[in-house]
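Number of protein chains: 2
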Amino acid sequence: MNATNHQFRLAARPVGMPKQSDWKYTEESVREPADGEILVKIIYISLDPAMRGWINEGRSYVPPVGIGEVMRAGGAGRVIESKNDKFAVGDHVAGAFGLQEYALSNGSGVSKVDTRIAPLPVYLSTLGMPGMTAYFGLLDIGQPKPGETVVVSAAAGAVGSVVGQIAKIKECRVVGIAGGPQKCQYVVNDLGFDAAIDYKQEDVSTALRKHCPKGIDVYFDNVGGDILDAALAQLNRGARIPLCGAISQYNNPEKMQGPKNYLSLLINRATMKGFIVFDFADRYPEAASQMAGWLIGGKLKSREDIVEGLQTFPDTFLKLFKGENFGKLLLRVADE
Amino acid sequence: MNATNHQFRLAARPVGMPKQSDWKYTEESVREPADGEILVKIIYISLDPAMRGWINEGRSYVPPVGIGEVMRAGGAGRVIESKNDKFAVGDHVAGAFGLQEYALSNGSGVSKVDTRIAPLPVYLSTLGMPGMTAYFGLLDIGQPKPGETVVVSAAAGAVGSVVGQIAKIKECRVVGIAGGPQKCQYVVNDLGFDAAIDYKQEDVSTALRKHCPKGIDVYFDNVGGDILDAALAQLNRGARIPLCGAISQYNNPEKMQGPKNYLSLLINRATMKGFIVFDFADRYPEAASQMAGWLIGGKLKSREDIVEGLQTFPDTFLKLFKGENFGKLLLRVADE
Chain E
1 MNATNHQFRL AARPVGMPKQ SDWKYTEESV REPADGEILV KIIYISLDPA
51 MRGWINEGRS YVPPVGIGEV MRAGGAGRVI ESKNDKFAVG DHVAGAFGLQ
101 EYALSNGSGV SKVDTRIAPL PVYLSTLGMP GMTAYFGLLD IGQPKPGETV
151 VVSAAAGAVG SVVGQIAKIK ECRVVGIAGG PQKCQYVVND LGFDAAIDYK
201 QEDVSTALRK HCPKGIDVYF DNVGGDILDA ALAQLNRGAR IPLCGAISQY
251 NNPEKMQGPK NYLSLLINRA TMKGFIVFDF ADRYPEAASQ MAGWLIGGKL
301 KSREDIVEGL QTFPDTFLKL FKGENFGKLL LRVADE
Chain S
1001 MNATNHQFRL AARPVGMPKQ SDWKYTEESV REPADGEILV KIIYISLDPA
1051 MRGWINEGRS YVPPVGIGEV MRAGGAGRVI ESKNDKFAVG DHVAGAFGLQ
1101 EYALSNGSGV SKVDTRIAPL PVYLSTLGMP GMTAYFGLLD IGQPKPGETV
1151 VVSAAAGAVG SVVGQIAKIK ECRVVGIAGG PQKCQYVVND LGFDAAIDYK
1201 QEDVSTALRK HCPKGIDVYF DNVGGDILDA ALAQLNRGAR IPLCGAISQY
1251 NNPEKMQGPK NYLSLLINRA TMKGFIVFDF ADRYPEAASQ MAGWLIGGKL
1301 KSREDIVEGL QTFPDTFLKL FKGENFGKLL LRVADE
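Those sequence lines, one after another, are chains E and S. Under the numbering used here, residues 1 to 336 are what the first sequence spells out, in order. Under the numbering used here, residues 1001 to 1336 are what the second sequence spells out, in order.
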């Protein structure tokens, strides 16, 4: 094994939208795995909004990526060398492999995945972190009941699309908010949402009133900003807001926009609760098994937006913040 | 009975801070109680921040006070005529009697109070709505555990002072935020808080870091605005924010300030939950009995700021928003 590994490392902490110069593209030789280690050839790399938070300085739920370090990212690939009894050469695996072509790992946090159940990209999507986020955020934090109205933002995204589909399985009325007619048609026609709101074309408050005639019981928030405010204004008594993200605000550090309608929580005895999917790690198997069943049964559809080439990363990553991806955004960095 | 009743009625919906011209002082004869009714001579009227919300137009947890209606307010007084078997002349009672000298009532929502247990004003304070708000907001929503750190804003106020004292009873570290050295000394020296922060003199973020070395587990919010943001920034994992009010924002309708640090809820898996004390009405007896025990046992102190004269209402009410009251603000409108 004499391969060369290419990587993206963090060169500087971005201010606002990350620039090319915030990253450094590097190469190094791949060393042999030590005892207990595996060498993974990475095939797909997951690009997630949360990554924007990981490169900010300061206190968060995980330590920030250090300057000069390989950028943290989830990935899926194939074991090509193994000195760990739990993994064999040829196994497909998923884990936090970083933004690179090869990863060495002692196996901690790495899971074997079965490509007979679902294609490899799905393990970074509906059966991966975004799917787990949707599952626990909706069911544990949102606690939807049959007949209730669930609204989800970034509805065509990796998390939102699964939130809406699970809410339909739980017999809720489901309204998605997404950008552009194509995404709106997708969530209604392909995923079975009851309605979709195109925030680029429509007044979200007016559209929410129209599509949520009984008010909002669960608002699953991925975006923050004006859309969060519009949803807050139409909460029902006892409503729940699982706080999953705020993609509209991540590149806006100086002028962070707080929800000016937050007192709707008071008036409506409502709850806004943050969660981090990693806290549910011991229940991933439960969720994965349930979700795999739904996938196989056709109740859950997964869509990936796959971009070729590690080197495209700095530009491809920005698609998330421009709303240009359609489905779970992945980089393909090697052939399957 | 040929008494004349004086009243404050809502003349206009205030924009910002209520003005004299938003109120109309009226008089009318007191009619005889009908069958089932009582006539109450009101002695104390409760002035509460929540009243500012009741005179805004639009959807809230109670219908707004109508233009021309007697202003809604809690009060305590004495039954002076009774055609209701449940009440006798001479009984002391508390209820939503309005901003006036006399009230007719069918007895619904009116409770008899025992002035041998506590003086009449205390039934509008620690044993009244503010006390119930503190009790249920802290214990049911905040769920403090021994050894945790509880921070409360408007700490010398009717609700905040009780929140802090109950948190001490529950063996928490308690930090109060109040305006001015007198209030800060009061909550530490008289009420037994562990520390107080004078938001008019100190940088609240710096002071919170100093006085909450282990972070904040419960932040009971009465004020909103910058103080809410400062508290959000120092939450512990799993922290709870009972959302009780936002007095800094009530007269600021155009430029409502949302909490820009709300994503701390996400990072820390924290919960912000609104509540309305009226929802706990069926448990008031439980709380009142517990609180009366603490009062009698000297574990709970009650302080009232009593202003003489119904006619002072428009000015006296504003003391709440200027932070000028020290203890539960009451109007005394008749001799006991």
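From the three backbone atoms N, C-alpha and C, an ideal C-beta is built for every residue, glycine too.
Kindly indicate if chain S contains any beta-carbon less than 7 Å away from that of residue i.
{"i": "E:L300", "result": "no"}
{"i": "E:M17", "result": "no"}
Find out if the Cβ-Cβ distance for the pair residue i, residue j is shorter than 7 Å.
{"i": "E:P49", "j": "E:L320", "result": "yes"}
{"i": "E:G245", "j": "E:N261", "result": "no"}
{"i": "E:I42", "j": "E:F97", "result": "yes"}
{"i": "S:A1076", "j": "S:Y1123", "result": "yes"}
{"i": "S:A1231", "j": "S:Y1250", "result": "no"}
{"i": "E:E304", "j": "E:S125", "result": "yes"}
{"i": "E:D91", "j": "E:V110", "result": "no"}
{"i": "E:S60", "j": "E:G53", "result": "yes"}
{"i": "S:P1063", "j": "S:E1057", "result": "no"}
{"i": "E:Y44", "j": "E:L330", "result": "yes"}
{"i": "E:R237", "j": "E:R209", "result": "no"}
{"i": "E:V175", "j": "E:H211", "result": "yes"}
{"i": "E:I55", "j": "E:N84", "result": "no"}
{"i": "E:P259", "j": "E:D217", "result": "no"}
{"i": "S:T975", "j": "S:R1009", "result": "Chain S is shown from 1001 up to 1336; residue 975 of chain S falls before or after that span and cannot be answered."}
{"i": "S:V1187", "j": "S:A1196", "result": "yes"}
{"i": "E:A155", "j": "E:G142", "result": "no"}
{"i": "S:F1101", "j": "S:P1033", "result": "Phe is not the amino acid found at residue 1101 of chain S; the sequence shown has Glu there. The answer is no: Cβ separation not under 7 Å."}
Examine chain E for any beta-carbon lying closer than 7 Å to the beta-carbon of residue i, and answer yes or no.
{"i": "S:L1243", "result": "yes"}
{"i": "S:A1246", "result": "yes"}
{"i": "S:M1071", "result": "no"}
{"i": "S:M1129", "result": "no"}
According to DSSP, is residue i part of a helix, a strand, or is it coil?
{"i": "S:Y1284", "result": "helix"}
{"i": "E:T206", "result": "helix"}
{"i": "S:S1111", "result": "strand"}
{"i": "E:G245", "result": "coil"}
{"i": "E:Q234", "result": "coil"}
{"i": "E:A292", "result": "helix"}
{"i": "S:L1047", "result": "coil"}
{"i": "E:R303", "result": "coil"}
{"i": "S:N1084", "result": "coil"}
{"i": "E:Q182", "result": "helix"}
{"i": "E:I42", "result": "strand"}
{"i": "E:V152", "result": "strand"}
{"i": "S:A1076", "result": "strand"}
{"i": "E:G68", "result": "coil"}
{"i": "E:Y199", "result": "coil"}
{"i": "E:I216", "result": "strand"}
{"i": "E:Y250", "result": "coil"}
{"i": "E:Q100", "result": "strand"}
{"i": "S:S1021", "result": "helix"}
Is the beta carbon of residue i within less than 6 Å of some heavy atom of the ligand MG?
{"i": "E:S21", "result": "Ligands are entirely absent from the displayed structure, and the ligand MG is therefore not among its contents."}
In the DSSP assignment, find the beta strand (DSSP E) that holds residue i and state where it starts and stops.
{"i": "E:L320", "result": "Here E:L320 belongs to no beta strand (DSSP E); instead the alpha helix (DSSP H) covers F313 to K322."}
{"i": "E:S264", "result": "First-last for E:S264: S264 to I267, but that is the alpha helix (DSSP H), not the beta strand (DSSP E)."}
{"i": "E:R332", "result": "K328 to R332"}
{"i": "E:M256", "result": "Careful: E:M256 lies outside any beta strand (DSSP E) and carries neither H nor E."}
So the alpha helix (DSSP H) residue i belongs to, where does it begin and stop?
{"i": "S:F1136", "result": "M1129 to F1136"}
{"i": "E:A3", "result": "Where E:A3 is concerned, there is no enclosing alpha helix (DSSP H), given that its DSSP letter is neither H nor E."}
{"i": "S:A1167", "result": "G1160 to I1169"}
Name the chain B residues that come within less than 8 Å of residue i, Cβ to Cβ?
{"i": "E:Q20", "result": "The structure shown contains no chain B; its protein chains are E and S."}
Between the segment 1033-1060 of chain S and chain E, which residues of the former have CB atoms less than 9 Å from a CB of the latter, in chain order? G1053, R1059 and S1060
Determine which residues of the segment 259-293 of chain E have a Cβ less than 9 Å from any Cβ of chain S, and write them out in chain order. P259, K260, N261, Y262, L263, S264, L265, L266, I267, N268, R269, A270, T271, M272, K273, G274, F275, I276 and D279
Closer than 9 Å, Cβ to any Cβ of chain S: which residues of the segment 109-136 of chain E, in chain order? none
Closer than 7 Å, Cβ to any Cβ of chain S: which residues of the segment 295-322 of chain E, in chain order? none
Check each residue of the segment 1175-1187 of chain S: if its Cβ is closer than 7 Å to any Cβ of chain E, include it; give the result in chain order. none
Chain S contacts from the segment 135-159 of chain E (Cβ-Cβ distance under 9 Å): none
For the segment 1074-1108 of chain S, list every residue whose C-beta sits within 9 Å of some C-beta in chain E, in sequence order. none
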